[in-house]
Amino acid sequence: MRASPATSCSITGRIEQYLRLMRVDRPVGTMLLLWPTLWALWIASRGRPDPNILVIFIVGVFLMRSAGCVVNDYADRDMDPHVERTRDRPLAAGRVSNLEALLLFAVLCCAALALVLTLNYLTVMLSLVGAFWTVIYPFMKRFIPFPQLFLGFAFSWGIPMAFSAQTGAVPGVAWVMLAANMAWVMAYDTMYAMSDREDDLAIGVKSTAILFGRQDRLIVGCCQLLTLVLLVLVGVVESLNHYYYFSLLTTGVFFLYQQWLIRDREARACFRGFLNNTWSGASIFLGLVLSYLS
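For the record, in the sequence shown the residue sitting at position 99 is 104 according to the working numbering, with numbers rising by one throughout.
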């Protein structure tokens with residue numbers, strides 16, 4: 006029996022809203038989560054990652070970023086309608102119910118768990134910690150002035166997981182990379198928060214953009230510098246070549262451009278600065294690939 010056109014449109018419409026809730030139409034977050042995971046896989050494998058592990062991590066990043074977006078919108082369901090940039094999100098606009106959001110979150114987490122269960126025991130245990138960071142981050146902005154720190158853990162946890170999956174252990178260099186990525190997350194998510202600062206102040210949401218005040222650009226710059234210094238240390242420990250260091254130089258240029266974008270703290274320019282970080286992560290990954298190929 007063929008479904009009626011009205012039913013087909015209804016199903017298509019629901020799927021479209023679920024995809025929007027997962028931010029499939031805005032892949033920048035997925036890329037910012039994926040780049041450091043790929044850095045770790047390439048270093049852990051000396052440029053030759055296991056194809057199965059590579060696919061699992063790429064799909065897993067997509068699933069967990071999507072789950073994070075869903076739980077974030079659920080946590081912010083009463084605040085997003087009051088923020089210009091977020092008021093049209095499916096949950097805030099009432100096009101998706103709270104129950105639907107929770108069920109979608111559960112499905113995404115179960116799919117990610119099914120993938121990780123094919124990996125070794127240590128990686129499975131680490132994944133549970135990662136899931137914890139994913140769930141608690143959206144609620145931190147209500148209670149602590151630096152929720153970006155929790156996002157840093159959530160967006161960096163793929164690094165020790167990648168090392169664990171590829172090698173069965175988490176060496177010291179993985180934690181240096183995690184620290185570098187946390188500094189990077191602190192920088193770019195503060196830019197993101199700078200674009201929402203006025204709305205966040207009005208509704209009582211906490212962020213590093215508010216905490217840092219007029220020192221925001223300086224602290225973002227310090228986080229960017231710390232990111233580069235720690236990544237140089239990674240290069241020294243791993244004996245990477247000039248391609249990698251050139252990629253760090255290129256990333257430094259991107260960071261300078263972002264500083265220029267946020268110079269007046271104008272909301273749209275700050276958001277553009279945040280988006281530009283996709284190129285920073287891509288630059289470092291390209292440097293790693295070329296370093297191991299040469």
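By construction, the Cβ of each residue, glycine as well, lies at the ideal position given by its N, Cα and C atoms.
The structure displayed is predicted, hence computed values, not measured ones.
| task | Could you check which residue in S296, M145, R53 has the C-alpha nearest to that of D81? | result | Position 76 of the sequence shown holds residue 81. Nearest in C-alpha terms to D81, of all of S296, M145, R53, is M145.
| Reduced DSSP secondary structure (H/G/I, E/B, other) of A49 | For this step, residue 49 is matched to residue 44 along the sequence shown. Helix.
| task | Take every Cβ of the segment 241-255, pair it with every Cβ of the segment 288-296, and state whether three or more of those distances are shorter than 8 Å. | result | yes
| query | For C115, is the classification buried or exposed, using 16 other Cβ atoms within 10 angstroms of its Cβ as the cut-off for buried? | reply | Against the sequence shown, residue 115 aligns to sequence position 110. Exposed, by the Cβ-count rule.
| query | Can you tell which of L233, F276, Y23, K211 has its C-alpha closest to the C-alpha of S102? | reply | Counting from 1 along the sequence shown, the entry for residue 102 is found at position 97. Closest by alpha carbon: Y23.
| query | Just how far apart, CA to CA, sit G173 and V76? | reply | Within the sequence shown, the letter at position 168 stands for residue 173. Within the sequence shown, the letter at position 71 stands for residue 76. Whole-angstrom Cα-Cα distance: 30 Å.
| Is F148 helix, strand or coil by DSSP? | One-based indexing of the sequence shown puts residue 148 at position 143. Three-state result, F148: coil.
| query | How is the alpha helix (DSSP H) around S102 delimited, first residue to last? | reply | Counting from one through the sequence shown, the residue named residue 102 turns up at place 97. S102 -> no alpha helix (DSSP H), and no H or E assigned at all.
| message | Rounded to whole angstroms, what is the Cα-Cα separation between R28 and C74? | response | Counted from its first residue, the sequence shown places residue 28 at position 23. Counted from its first residue, the sequence shown places residue 74 at position 69. Looking at the two C-alpha atoms, the distance is approximately 7 Å.
| message | Assuming P95 is part of the alpha helix (DSSP H), what are its boundary residues? | response | Here residue 95 refers to the residue found at position 90 of the sequence shown. Counting along the chain, P95 falls outside any alpha helix (DSSP H), and DSSP gives it neither H nor E.
| message | Does F62 pass the burial test, meaning 16 or more other C-beta atoms within 10 Å, or should it be called exposed? | response | The residue you call residue 62 lines up with position 57 of the sequence shown. That one is buried.
| Can we say the segment 84-92 touches the segment 200-210, given the rule of at least three CB pairs closer than 8 Å? | yes
| Taking DSSP as the reference, what is the three-state secondary structure of P32? | Residue mapping note: residue 32 aligns to position 27 of the sequence shown, counting from 1. The answer is coil: DSSP assigns P32 none of H, G, I, E or B.
| request: Tell me whether the beta-carbon of V178 lies closer than 8 Å to the beta-carbon of V234. | output: Counted from its first residue, the sequence shown places residue 178 at position 173. Counted from its first residue, the sequence shown places residue 234 at position 229. No.
| field | Classification of A119 by the beta-carbon crowding that lies within 10 angstroms, buried from 16 upward | value | Walking along the sequence shown from the start, residue 119 turns up at place 114. By the 10 Å Cβ count, A119 comes out exposed.
| field | Close-in-space but distant-in-sequence residues of the same chain around T283 (CB under 6 Å, 5 per side omitted) | value | Along the sequence shown, read from residue 1 onward, the residue named residue 283 stands at position 278. Hits under 6 Å: V33, M36.
| request: Using 10 angstroms around the beta-carbon of G99, count the other beta-carbons present and answer buried if the total reaches 16, otherwise exposed. | output: Start at 1 with the first residue of the sequence shown, and residue 99 comes out as number 94. Label assigned to G99: exposed.
| request: Report yes if the C-beta distance between V190 and F160 is below 8 Å; otherwise report no. | output: Against the sequence shown, residue 190 aligns to sequence position 185. Against the sequence shown, residue 160 aligns to sequence position 155. Yes. Within cutoff.
| said: Tell me which residues share the same chain as W94 and place their Cβ nearer than 6 Å to its Cβ, disregarding the 5 neighbours each side in the sequence. | reply: Residue 94 sits at position 89 when you count from the first residue of the sequence shown. Residue identity differs from the one stated: residue 94 is Arg in this sequence, not Trp. Cβ within range, chain order: D78, D85.
| Is G300 helix, strand or coil by DSSP? | In the structure as shown, the chain starts at 6 and stops at 299, and residue 300 therefore has no counterpart that could be examined.
| field | I267 (DSSP reduced to helix, strand or coil) | value | Stepping through the sequence shown from its first residue, residue 267 is reached at position 262. It is coil, neither helix nor strand.
| task | Specify the secondary structure class of V88 as computed by DSSP and reduced to three states. | result | Here residue 88 refers to the residue found at position 83 of the sequence shown. The answer is coil: DSSP assigns V88 none of H, G, I, E or B.
| message | Mapping the DSSP letters down to three states, classify E243 as helix, strand or coil. | response | The sequence position of residue 243 within the sequence shown is 238, counting from 1. The answer is coil: DSSP assigns E243 none of H, G, I, E or B.
| message | Just verifying my parser: in three-state terms, what is the DSSP assignment at N186? | response | As a first step, residue 186 is located in the sequence shown; it is residue number 181 there, counting from the start. Looking at N186 - three-state DSSP - the assignment turns out to be helix.
| request: Mind reading off the beta-carbon distance from I246 to S299? Whole number of angstroms is fine, and I expect it under 8 Å. | output: As a first step, residue 246 must be located in the sequence shown, where it is residue number 241. As a first step, residue 299 must be located in the sequence shown, where it is residue number 294. Reading the sequence as shown, one finds Asn at residue 246 and not Ile. That pair is a contact at about 6 Å.
| task | Can you tell me which of the three DSSP states N125 falls into? | result | As a working note, residue 125 is residue 120 in the sequence shown. Of the three classes helix, strand and coil, the one that applies to N125 here is coil, per DSSP.
| request: Indicate the three-state DSSP secondary structure (helix, strand or coil) for A170 in the structure shown. | output: For the purposes of this step, residue 170 is taken as the residue at position 165 of the sequence shown. DSSP places A170 in helix when its eight states are reduced to three.
| task | Please list, in chain order, all residues of the same chain as V121 whose beta carbon is under 7 Å from its beta carbon, the five residues on each side excluded. | result | What you label residue 121 is simply residue 116 of the sequence shown in a count that begins at 1. Hits under 7 Å: G65, T128, V129, S132.
| said: Assuming the contact rule is C-beta atoms closer than 8 Å, T123 and A72 should be a hit. Round their C-beta distance to whole Å, please. | reply: To locate residue 123, count along the sequence shown from 1; it is residue 118. To locate residue 72, count along the sequence shown from 1; it is residue 67. In fact, because the Cβ distance is near 18 Å, the residues do not count as touching under 8 Å.
| Roughly how many angstroms separate the alpha carbons of I208 and L68, rounded to a whole number? | Residue mapping note: residue 208 aligns to position 203 of the sequence shown, counting from 1. Residue mapping note: residue 68 aligns to position 63 of the sequence shown, counting from 1. Here the alpha carbon of I208 sits roughly 30 Å from the alpha carbon of L68.
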